[in-house]
Every structure is written in C-alpha cells, then in structure tokens.
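Peer 1: Sharing a structure below in structure tokens format, with a few things to ask.
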Amino acid sequence: MNEQNDRPFEAVPELGELHEKAAGSRYRGKYHIQPVTGLLNDPNGFVRYKGLWHLFYQWYPWGAVHGLKHWYHMVSEDLAEWRQSGVFLIPEKEYVYDNDGAFSGTAVPYDGGLGIFYTGNNRDDEGKAHPYTCFATMGENGRAVKAEKPLFGPHPSYTHDQRDPKIVVRDGRNYLILGARRRSDKTGHIIIYSSDKITEGWSFQGELSVPGFEDFGGMWECPSIEHLDGKDLLMFCPQMIELSGRGPSRNHCGYIIGKMDWDSLTFTPESGFDLFDHGFDFYAPQCAGMDSGSLKNGALPFIGWMGLPAADYPTDREDWSGSLSLMREISIRDGKLIQKPLEGLKVLREEKEPEDLSLDRLNPIEPTAEYEIELSGGEFSISFFTDKDGLGGITLSFDPKEQKITLDRSGMKQKYNLHEGFIRKAKTKAAPKSMRVFIDSSTLEIFINEGEMVFSSRVFPTDEEKYLRSIGAVSGRVWRLGRAVQDEAVF
Ligand code: FRU
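So the sequence shown is numbered by my numbering: it starts at 373 and just counts up by one.
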C-alpha cells in the first residue's frame, strides 16, 4: 500500500465532490448498489436484523484503487430498494489489528445485538501482513463498535492468506469458517473455528476435508456453507488455477452441493465444482445469514460483486469503480442450483405491460431495463450494444453441436481487464429456451432457462453502441425499470 491508497475515512468536502463525479457518470446504475465514492468490492455482513435487511460493502473512499478497506452500510425493507446509511467500519492505526484494512466478513444477530466478524489486516513495521479475526457490534449511531481484542490471530500452518470469516450457527454451536492457504504445499482450503459463545472462546477445530478437492487452487476466498432444500452448499472463490471455459482467468467463484458433517469437518460432494456465474464479472457472493431466514418461497437471498480481484474498469478514470450484482434468490431443485432474480424486483417495472420487441430489426437498448426473450431451442446469437449496423457488441450465442453457450465481449469498443480475456464458454445439456436480461447502464445480467445458468458482466458502451440484435429468438419484451438504490452523498 502506498501513500495514495492508505487514507482512512474523514468527513471532508472532498468526498462530496467525489460522489458528485461518480453519481453523474453515464455508467452509473439506478438499481444496483455502487460505491458512494471510490471503490466497492465484496458484499459483507448480509443479514436481517430488527426488521431490516443490512448489507455492507468493502469500500475504499478516495479513488478507484484497492486501498485501505472500510465497510460501507446499506439498508433495505424488501431487498429490492436500498438506502445508504454511511460508513460502518473504519480501519485504525491505533487499533493495530486492522491498521491495513477491515477486510470481508459476515454478521449474525445475537443476544448482545448485531455481531460482526471481519478480517483485520495488520501490517507490522517491517511491512509484513498478519490477519486477525476481529469482532464488532453495531453501535447506537450505526457505526461499528470494535471489541477490545480480536477473537484470534493467524494460524501458524497457513500463510498470511487467512481471511473472510463466515459465521455459521448449527445445533446451538457457533462456527467460523475462513479461507486459507497452506504454508506447506501452498494449496487453498477452508479452516474452521468453533465456540459456544459468539463473543469469545473460539478455538481452532481443523481444516475442512472436501474429498476430491485437496489440490484445487492456491487460495479459497470468501467461503461459506449454507443449508437449503435439504442439502448443504459449499461456496468459495478458488484462485491461482485455470478452469475450463474461463479463458486465462485465475479468479473463480462457485459451489459444490453435498453433505456437511460438522463433527468430522467433512464436506462430501454430491456434485462437481460449478460456477455461480459464467460471465466476466462475478465474485465473492454472500447469502443472507441463515438466521435471517429464507424468503417466502424458501429460497435464500444471494448477492455478489460484479468485479474481479486485480481488475481495471473504464470508470477508474472517474475515480470510482465497482457494482454489486442484482439481488438473486437461490434454491436447489433436483440436485441443481437455481438462481433467479429476486421476485420482488418486479416492483421496479415502470409500466404494467411490457413493450414488444420487433426481432426482425435492431432494437434500441433501454439503459435501465429488463428484457424477456423466448428462444427457438436451437442455435441463437444475441448481441447487446451493437452499432447502428448491427456490428460489434457483447454476444451470447449457443452452438448445438458443441452444446456450449459462448459469451464474447471482443466486439465492444472499450477494452479493459485484458488479462481476463474476451471469451467465456459454458457447457449445457439442454438448449436454452428463454432468457431474462437486466441492464443498468454498465451492468448486463442474463438468466437462462428460469435461472439454470447466469452470465453477468460489466459493460461500458460508447454513444454509438446502443442496439440489440438477435438471431434465433422467437419473441421479446422489454420493461423500463425505475430507480431502486439511493445515490446521495451519505457518509
Ligand atoms: C475478495 C477479497 C477478500 C478480502 C477482500 C479485501 O475479493 O480479496 O478475500 O477479504 O477482498 O477487500
């Protein structure tokens, strides 16, 4: 970290100016959570508490860089509309344990209020990093009140990559699961601590055994174990490994469905490792903590960061970067994960009836909209943000011979994040029949076949790139959507 990116939050007019610049950007969304200023990455502490949904994000206030990380706080009544609540966790030199950043974590209501677990990143005088698992509660003023001491420090068998505590409460016992990298062979794993009490008494239980995944990347970031529809869902973001269909990327985000045994700390897979999302930008997702309860239909609320570690985006020039994804609801049906846009997002539709698309010509793209497209069930190709001649854009296509869906962004004029490549491919057993597409200025999220597969990507179209071109679609409709996220200078 250099002098430009280690500046902690302070309420000064400069922040208001940075906010104005970001909020005025042509790439600013209306229904996606984006940073009030500076950089946003992982969603954190997603929980229902005292009748409200709380969601925090990793935040660097002063620019589009991964600088000194804070937590910024958002609240919602219905998961669709969000309002800003200001800075929550500020890393402090004096608190030592998080002097180099308040990294990702999770939250749980307990008898003392709302408990927050996060990784305090400490940097010593020699520049060495030491991760601490820290605890805080939510104070009266809405800011974090940090516990005097961390819950525990780094475990000696793992490198300084030990972070992102996820609280899981099972049968009256509390577990914290963290992503970690072994010192011995540099492989990525999950380590588990447990305690009878939320606020103290945490002890190391061991490494999670996941048969078949002993050597699967060099670090597992943001792990979680959820329970839904009678199954356990192991989620994590493996890094330093290449996976089929993901081009040169070494940052992935996915899950395994199986059975968790908390006594033997073994997760027995009943599926392979699948990606949550086959697009270019999706990482570090969280489910609302299980104690938050599921939605009326039994699904769990789920949201991710539409970004990747070490990535650059065109809005960096405007001193802001990052977006959270659409709120999804996830469930497991016939042993498969289903991800749908939150049902409640329908409140954002501005008209009762959608407008029909004329698929025999180019359609101008609405910048804040939801599209529903029926496909023929065979080959198709749909390009978003083409020019007036139908050329270029970002194209989703299906090849029945290969049984693969391809997302190709090489036709977009603005190129960024070059090291992540331009093509993503996903194998599918059944031809796509339908898609629901959400566009919000610079986000494109495509849900295939009622949530069987999702492709999410940031997009930064120029003035000329504004048409939708389709081959192989049968019919389409569009709804314009309204604003759902407050975008004011709230600190
Ligand atoms: C994932 C991540 C986490 C870490 C956080 C820091 O994107 O690297 O592992 O806690 O971001 O901002």
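Ideal Cβ placement from N, Cα and C applies to all residues, glycine included. Since the structure is predicted, the reported quantities are computational estimates derived from the model, not experimental observations.
1. With DSSP as the reference, label Ala-671 as helix, strand or coil.
2. I need the residues with a C-beta less than 7 Å from some heavy atom of the ligand FRU; please give them in chain order.
3. Cutting at 7 Å between CB atoms, please list the residues of its own chain near Ala-741, excluding the five before and the five after it.
4. When you compare only the Cα positions, how much space is there between Leu-720 and Tyr-743?
5. Since Asp-859 and Ala-395 should fall inside the 8 Å C-beta cutoff, what is the C-beta to C-beta distance between them, to a whole number of angstroms?
6. Please report the distance separating the alpha-carbon of Thr-758 from that of Met-510.
7. DSSP beta-bridge partners for Trp-434?
8. In angstroms, rounded to a whole number, what distance separates the CA positions of Gly-651 and Ile-702?
9. Where does Asn-872 fall in DSSP's three states?
10. Classify Pro-583: buried if its beta carbon has 16 or more other beta carbons within 10 angstroms, exposed otherwise.
11. Which stretch, first to last residue, makes up the beta strand (DSSP E) that contains His-527?
12. Report the partner residues of Cys-609 according to the DSSP bridge assignment.
13. Suppose you measure from the CA of Gly-499 to the CA of Asn-493; what does that come to, to the nearest Å?
14. Cutting at 6 Å between CB atoms, please list the residues of its own chain near Met-373, excluding the five before and the five after it.
15. Taking only runs that begin and end inside the stretch 397 to 479, name each unbroken alpha helix (DSSP H) of 4 or more residues, in chain order.
16. Using 10 angstroms around the beta-carbon of Asp-587, count the other beta-carbons present and answer buried if the total reaches 16, otherwise exposed.
17. Would a C-beta distance cut-off of 8 Å place Asp-414 and Cys-659 closer than the cut-off?
18. Could you give the first and the last residue of the continuous beta strand (DSSP E) run that contains Ala-552?
19. Using the DSSP secondary-structure output, state which residues sit across from Glu-579 in a beta bridge.
20. What separation, rounded to the nearest whole angstrom, lies between the Cα atoms of Ser-829 and Thr-478?
21. Is it right to say Phe-576 is buried, meaning 16 or more other beta carbons lie within 10 angstroms of its own, or is it exposed?
22. How is Ser-643 classed by DSSP in three states: helix, strand or coil?
23. How would you write the range of the beta strand (DSSP E) that His-502 sits in, first residue to last?
24. Helix, strand or coil for Arg-495 per DSSP?
25. Indicate whether Glu-817 and Leu-698 have their beta-carbon atoms separated by less than 8 Å.
26. Where Leu-390 and Gln-376 are concerned, what is the direct C-alpha to C-alpha distance, given to the nearest angstrom?
27. Can you give the Cα-Cα distance for Asp-653 and Leu-717, rounded to whole angstroms?
28. Does the stretch 396 to 414 come into contact with the stretch 460 to 468, if we say contact requires no fewer than three beta-carbon pairs (one atom in each stretch) closer than 8 Å?
29. If you draw a straight line from the C-alpha of Lys-801 to the C-alpha of Arg-781, how long is it?
30. Between which two residues does the beta strand (DSSP E) harbouring Leu-709 extend?
31. Apart from the five residues just before and just after Gly-619, which ones in its own chain have a Cβ nearer than 8 Å to its Cβ?
Peer 2: Answer, in terms of the structure:
1. As a first step, residue 671 must be located in the sequence shown, where it is residue number 299. Here Ala-671 sits in coil by DSSP.
2. Here the list is Asn-413, Asp-414, Gln-430, His-438, Lys-441, Gly-473, Phe-475, Ser-476, Thr-491, Arg-535, Asp-536, Gly-551, Glu-593, Cys-594, Cys-609, Tyr-655, Ala-656, Trp-677 and Pro-681.
3. Position 369 of the sequence shown holds residue 741. Cβ within range, chain order: Ile-811, Val-850, Trp-851, Arg-852 and Leu-853.
4. The count along the sequence shown starts at 1 and reaches residue 720 at position 348. The count along the sequence shown starts at 1 and reaches residue 743 at position 371. Put simply, the backbone Cα of Leu-720 is about 13 Å away from that of Tyr-743.
5. The sequence position of residue 859 within the sequence shown is 487, counting from 1. The sequence position of residue 395 within the sequence shown is 23, counting from 1. Cβ atoms of Asp-859 and Ala-395 come within 8 Å of each other, at about 5 Å.
6. Along the sequence shown, read from residue 1 onward, the residue named residue 758 stands at position 386. Along the sequence shown, read from residue 1 onward, the residue named residue 510 stands at position 138. Whole-angstrom Cα-Cα distance: 47 Å.
7. Taking the sequence shown and counting its residues from 1, one reaches residue 434 at position 62. Beta-bridge partners assigned by DSSP to Trp-434: none are found.
8. Position 279 of the sequence shown, counted from the start, is the residue given in the question as residue 651. Position 330 of the sequence shown, counted from the start, is the residue given in the question as residue 702. Cα to Cα, Gly-651 sits roughly 18 Å from Ile-702.
9. Here the chain has residues from 373 to 863 only, and residue 872 is not among them.
10. Residue mapping note: residue 583 aligns to position 211 of the sequence shown, counting from 1. Around the beta carbon of Pro-583, a 10 Å sphere encloses fewer than 16 other beta carbons of the protein chains shown; the residue is thus reported as exposed.
11. Residue 527 sits at position 155 when you count from the first residue of the sequence shown. His-527 -> no beta strand (DSSP E), and no H or E assigned at all.
12. The residue you call residue 609 lines up with position 237 of the sequence shown. DSSP lists Glu-593 as the bridge partner or partners of Cys-609.
13. Residue 499 sits at position 127 when you count from the first residue of the sequence shown. Residue 493 sits at position 121 when you count from the first residue of the sequence shown. Roughly 12 Å between the two C-alpha positions.
14. On the sequence shown, residue 373 is found 1 positions in, with the first residue counted as 1. For Met-373, the pLDDT reaches just 40, beneath the cut-off of 50, and the residue's location in the model is therefore unreliable, although a value from the coordinates is still provided. Cβ neighbours of Met-373 beyond the five flanking positions: none.
15. With a minimum length of 4 residues, no continuous alpha helix (DSSP H) run stays inside the stretch 397 to 479.
16. On the sequence shown, residue 587 is found 215 positions in, with the first residue counted as 1. So Asp-587 ends up on the exposed side.
17. Locating residue 414 in the sequence shown gives position 42, counting from the first residue. Locating residue 659 in the sequence shown gives position 287, counting from the first residue. By the CB criterion at 8 Å, Asp-414 and Cys-659 fall outside the cutoff.
18. If you number the sequence shown from 1, residue 552 lands on position 180. Under the DSSP assignment, Ala-552 falls in the beta strand (DSSP E) whose first and last residues are 545 to 554.
19. For the purposes of this step, residue 579 is identified with residue 207 of the sequence shown, where counting begins at 1. Glu-579 is bridged to Ile-563.
20. As a working mapping, residue 829 is identified with position 457 in the sequence shown. As a working mapping, residue 478 is identified with position 106 in the sequence shown. Taking C-alpha positions only, Ser-829 is separated from Thr-478 by approximately 25 Å.
21. Taking the first residue of the sequence shown as 1, we reach residue 576 at position 204. Using a 10 angstroms sphere on the CB of Phe-576, the tally of other CB atoms stays under 16, which defines it as exposed.
22. Mapped onto the sequence shown, residue 643 falls at position 271. Correct three-state label for Ser-643: coil.
23. As a first step, residue 502 must be located in the sequence shown, where it is residue number 130. If you look at His-502, you'll find it in the beta strand (DSSP E) that goes 501 to 510.
24. The residue you call residue 495 lines up with position 123 of the sequence shown. The three-state secondary structure of Arg-495, taken from DSSP, is strand.
25. Position 445 of the sequence shown, counting from 1, holds the residue named residue 817. Position 326 of the sequence shown, counting from 1, holds the residue named residue 698. It is a contact, given that the beta carbons lie within the stated cut-off.
26. Numbered from 1 along the sequence shown, position 18 holds the residue referred to as residue 390. Numbered from 1 along the sequence shown, position 4 holds the residue referred to as residue 376. Straight across, the Cα-Cα distance linking Leu-390 with Gln-376 is about 15 Å.
27. Translated into positions along the sequence shown, residue 653 becomes position 281. Translated into positions along the sequence shown, residue 717 becomes position 345. C-alpha separation (whole angstroms): 21 Å.
28. Short answer: they don't touch.
29. If you number the sequence shown from 1, residue 801 lands on position 429. If you number the sequence shown from 1, residue 781 lands on position 409. Taking the CA atoms as reference points, Lys-801 sits about 24 Å from Arg-781.
30. Numbered from its first residue, the sequence shown carries residue 709 at position 337. In the DSSP assignment, Leu-709 falls within the beta strand (DSSP E) that extends over 708 to 713.
31. Sequence index remark: in the sequence shown, residue 619 carries index 247 (1-based). The beta carbon of Gly-619 sits closer than 8 Å to the beta carbons of Glu-792, Gly-793, Phe-794, Ile-795 and Arg-796 from its chain, once the five residues preceding and following it are set aside; these are given in chain order.
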